[in-house]
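Participant:
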Amino acid sequence: MKKHPRLTHGNVWLFGAVLAWSLLFLACSTTRTIVAPTQIEGADFVGSAECATCHSEVMEGFKHATHSGLTMEGPKKIDISCEACHGAGSKHVQAGGGRGSIINPGRETAVCYQCHLDKRGEFALPNSHPVAEGKMTCTDCHNPHKGNAITGGGTAFEGPNETCYQCHSAQRGPYVFEHEASREGCVVCHSPHGSVNAKMLKTRNQNLCLQCHFQQQTGGGILIGGRDHASFLTRGTCWTGGCHEAVHGSHASSSLRF
Ligand code: HEC
Ligand code: HEC
Ligand code: HEC
Ligand code: HEC
Ligand code: HEC
Ligand code: HEC
Ligand code: HEC
Numbered sequence: 002m003k004k005h006p007r008l009t010h011g012n013v014w015l016f017g018a019v020l021a022w023s024l025l026f027l028a029c030s031t032t033r034t035i036v037a038p039t040q041i042e043g044a045d046f047v048g049s050a051e052c053a054t055c056h057s058e059v060m061e062g063f064k065h066a067t068h069s070g071l072t073m074e075g076p077k078k079i080d081i082s083c084e085a086c087h088g089a090g091s092k093h094v095q096a097g098g099g100r101g102s103i104i105n106p107g108r109e110t111a112v113c114y115q116c117h118l119d120k121r122g123e124f125a126l127p128n129s130h131p132v133a134e135g136k137m138t139c140t141d142c143h144n145p146h147k148g149n150a151i152t153g154g155g156t157a158f159e160g161p162n163e164t165c166y167q168c169h170s171a172q173r174g175p176y177v178f179e180h181e182a183s184r185e186g187c188v189v190c191h192s193p194h195g196s197v198n199a200k201m202l203k204t205r206n207q208n209l210c211l212q213c214h215f216q217q218q219t220g221g222g223i224l225i226g227g228r229d230h231a232s233f234l235t236r237g238t239c240w241t242g243g244c245h246e247a248v249h250g251s252h253a254s255s256s257l258r259f
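The numbering used here applies: residue 2 is where the sequence shown begins, and numbers increase by one.
1) For the candidate residues Glu179, Cys165 and Pro76, whose alpha-carbon lies nearest to that of His191?
2) In the DSSP assignment, find the unbroken alpha helix (DSSP H) run with Leu211 in it and report its ends.
3) Report the rounded CA-to-CA distance for Leu257 versus Phe124, giving the unit in angstroms.
4) Can you tell me the Cα-Cα spacing of Val189 and Asn208, whole angstroms?
5) Give the single residue among Arg228, Ile223 and Cys210 whose Cα lies nearest to the Cα of Cys239.
6) Report buried or exposed for Gln217, applying the criterion of at least 16 other Cβ atoms within 10 angstroms of its Cβ.
7) State the Cα-Cα distance for the pair Ala228 and His214, rounded to the nearest angstrom.
8) Could you work out which residue in Gly174, His87 and Ala182 is closest to Gln115 when comparing CA atoms only?
9) In three-state terms, what does DSSP make of Arg236?
10) Does the contact criterion of 3 or more C-beta pairs under 8 Å hold for the region 43-53 versus the region 79-93?
11) Which residues have a Cβ closer than 7 Å to any heavy atom of ligand 7, listed in chain order?
12) Per DSSP, Pro80 is paired with what?
13) By DSSP, does His87 sit in helix, in strand, or in coil?
14) In three-state terms, what does DSSP make of Gly243?
15) From Thr67 to Pro145, what distance separates their C-alpha atoms?
16) Going by the DSSP bridge assignment, what does Gly222 pair with across the sheet?
17) Counting pairs of beta carbons, one from the region 132-148 and one from the region 101-115, are three or more of them closer than 8 Å?
18) Does the beta carbon of His169 fall short of 7 Å from some heavy atom of ligand 5?
19) Just verifying my parser: in three-state terms, what is the DSSP assignment at Ser196?
20) Which residue wins for smallest C-alpha separation from Glu42, given the options Ile104, His130 and Pro131?
21) Mapping DSSP to helix, strand and coil, what is Phe178?
22) I'd like the list of long-range same chain contacts for Gly243, defined as Cβ closer than 8 Å, with 5 residues on each side in sequence excluded.
23) Spatial neighbours of His252 within its chain, please: CB distance less than 7 Å, with the 5 preceding and 5 following residues excluded, ordered by chain position.
24) Got a sec, what are the start and stop residues for the alpha helix (DSSP H) Ala50 sits in?
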C-alpha cells in the first residue's frame, strides 16, 4: 500500500508562492489572466478547524487525505487545507454557511492547476481525455476529499481500475482468457491524462509488453514466452501485427487473439 505523501517544506513554500503570485496577479489582472480561481472579495483565511464544525462528514474522510495538512506560510501559521481549494472562508463562516459566500470549484479545473500546472500540459497532448474540452474533469477520477485522491484507490486490489470501468465497461470483461496485466492496473500500459501515442499508450512499440514479458536472445532467435518471435517482430507491434489484438482479454484464444 502506498504511504500518504507528507507535505514537504517545498510544497508548503510552493503554496505560499502560488498565493503570493495570485495576489500579485489579481492586483494587475487588467492585463493578465490569472491561473488562481476567483476569491470571495474581502474574505480572510480562517483555518480548517472552523470548517470542521459544520462539515464534519467531509472532514471525516479528509483526515488521511493527500490534501490535508497544507499550512499557510508566514506569521499566521494555520492549517488552510480546505481553503487551499475553496478560497478564504471568513465571509462564509460569518454568514453561517450557505451558498454564494464560498467558492465551489465544481467541475472547474483551474483550482487544481494552481498547484498541478503540469497536468494542463498532459491534457493538451494529442491523445488525451477530453478535460480541456470540458467534457470531463479531474473529479471524474479523483476524490479531492478522501484517501489518496485516486478514486477507488487504497487497499482494494483492483480498486483503481473501477474508476475506468465506469466509462469503459468493455475492458472489464469477464473474459474466458483474461490478460493478467490489467490486474496491475490500466496505468501499466496507459497514461491516464494523456500521451503522444495513440490510445494514450505509454509506449508505442513492443517495449510496452516487454515491461513484463521477458525477451531472450538465442542463437538466431528471439524467445518471448518460450516461443521464437524473430519473424513475428518484423510484422508490427505485438497487438497490431495480427497476433495479440485482444490485449485486454480474449474469448477465443489464450494467446489473446480475437
Ligand atoms: C456555520 C456552519 C458552517 C461553517 C463554519 C462552514 N460551512 Fe460551508 N456550508 C455550510 C452550509 C449550511 C452550506 C450550504 C449547504 C447546502 O446548501 O447544501 C455550506 C456550503 C458549503 C460549500 C458549497 C457551496 C456551494 O455554493 O455549493 C462549500 C464548498 C463549503 N461550504 C465549504 C466550507 C469551508 C471550506 C469552510 C471553512 C472555511 C466552511 N464551509 C465552513 C455551513 C458552514
Ligand atoms: C483538492 C481540492 C479540495 C480540497 C483540499 C477540499 N475540497 Fe471541497 N471540493 C472540491 C471540489 C473540486 C468540489 C466540487 C466537487 C464536485 O462538484 O464534484 C468540492 C466540494 C465541496 C463541498 C460541496 C458539497 C460536495 O461535497 O460536493 C463542500 C461542502 C466542501 N467541498 C467542503 C470542503 C471541506 C470542509 C474541506 C476541508 C476539510 C474541503 N472541501 C477540501 C475540492 C476540494
Ligand atoms: C494548494 C495546492 C494544491 C491544490 C490547489 C491541489 N493540489 Fe493536489 N496535491 C497537492 C500536494 C502538495 C500534493 C502532494 C504531492 C506530493 O507529495 O508531491 C498533491 C497530490 C495530488 C494527487 C496525488 C495523490 C497521491 O496520493 O499520490 C492528486 C491525484 C491530486 N493532488 C489531485 C488534485 C486535484 C484533482 C485538485 C483539484 C480539485 C488538486 N489536486 C488541487 C497540492 C494541491
Ligand atoms: C481518466 C481519469 C483521470 C482524470 C480525468 C484525471 N486523472 Fe489524475 N490520475 C489518474 C490516475 C489513474 C492516476 C494515477 C497514475 C499512476 O498511478 O501512474 C493519476 C495521477 C494524478 C496525480 C499524481 C501523479 C502525477 O502524475 O503527478 C496528480 C497530481 C493528478 N493525477 C492530477 C490530476 C488533475 C489536476 C486532473 C484534472 C486536470 C486529473 N488528474 C485528471 C487519472 C485521472
Ligand atoms: C468519466 C468517464 C471516463 C472515465 C472515468 C475514464 N475515461 Fe477513458 N475516455 C473517456 C472518454 C470520453 C474518452 C474519449 C473517447 C473518444 O474520444 O472517443 C476516453 C478515452 C480513453 C482512451 C483512448 C481511447 C481511444 O479510442 O483512443 C483510453 C485508452 C482510456 N480512455 C483509458 C482510460 C483509463 C485507463 C481510465 C481510468 C484511469 C479511464 N479511461 C477513465 C471517458 C472516461
Ligand atoms: C497490457 C497493456 C494494457 C493494459 C494493462 C490495458 N490496456 Fe487498454 N489498450 C492497450 C493497447 C495496446 C491498446 C490499443 C489497441 C489497438 O490499438 O487496437 C489499448 C486500447 C484501449 C482502449 C481503446 C479501445 C480499444 O480497445 O482499442 C481503451 C478504452 C482501453 N485500452 C482501456 C483500458 C482500460 C480501462 C484498462 C484497464 C482495465 C486497460 N485499457 C488496460 C493495452 C493495455
Ligand atoms: C503488467 C505486466 C504485463 C504487461 C505489461 C503485459 N503482460 Fe501479457 N501477461 C502478463 C501476465 C502476468 C500473463 C499471464 C502469465 C503468463 O502467461 O506469462 C500474461 C499473459 C500474456 C499472454 C498469454 C500467454 C499465454 O499464451 O499463456 C499474451 C499473449 C500476452 N500476455 C501478451 C501481451 C502483450 C501483447 C502485451 C503488450 C500489449 C502484454 N502482454 C503486456 C503480464 C503482462
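We treat Cβ as the ideally placed atom computed from N, Cα and C, and that holds for glycine.
Facilitator: Looking at the coordinates:
1) Looking only at Glu179, Cys165 and Pro76, the smallest Cα-Cα distance to His191 is reached by Cys165.
2) Asn208 to Leu211
3) Cα to Cα, Leu257 sits roughly 31 Å from Phe124.
4) Inter-residue distance for Val189 and Asn208 is about 12 Å (C-alpha atoms, whole angstroms).
5) Cys210
6) exposed
7) In the sequence on display, residue 228 carries Arg and not Ala. Computed Cα separation, rounded: 12 Å.
8) His87
9) In the structure shown, the three-state DSSP call for Arg236 is coil.
10) yes
11) Every residue whose beta carbon comes nearer than 7 Å to a heavy atom of ligand 7 appears here in chain order: His180, Glu181, Ala182, Glu185, Val189, Cys190, Leu209, Cys210, Gln212, Cys213, His214, Gly226, Cys239, Trp240, His245, Val248, Ser255, Ser256 and Leu257.
12) Before going on, a small fix: residue 80 reads as Asp here, not Pro. Looking at the DSSP assignment, Asp80 forms a beta bridge with Thr72.
13) helix
14) coil
15) If you draw a straight line from the Cα of Thr67 to the Cα of Pro145, it comes to about 8 Å.
16) Thr219
17) yes
18) yes
19) strand
20) Ile104
21) strand
22) Taken in chain order, the residues that qualify are Arg236 and Gly237.
23) Tyr176 and Val177
24) Ser49 to Cys55
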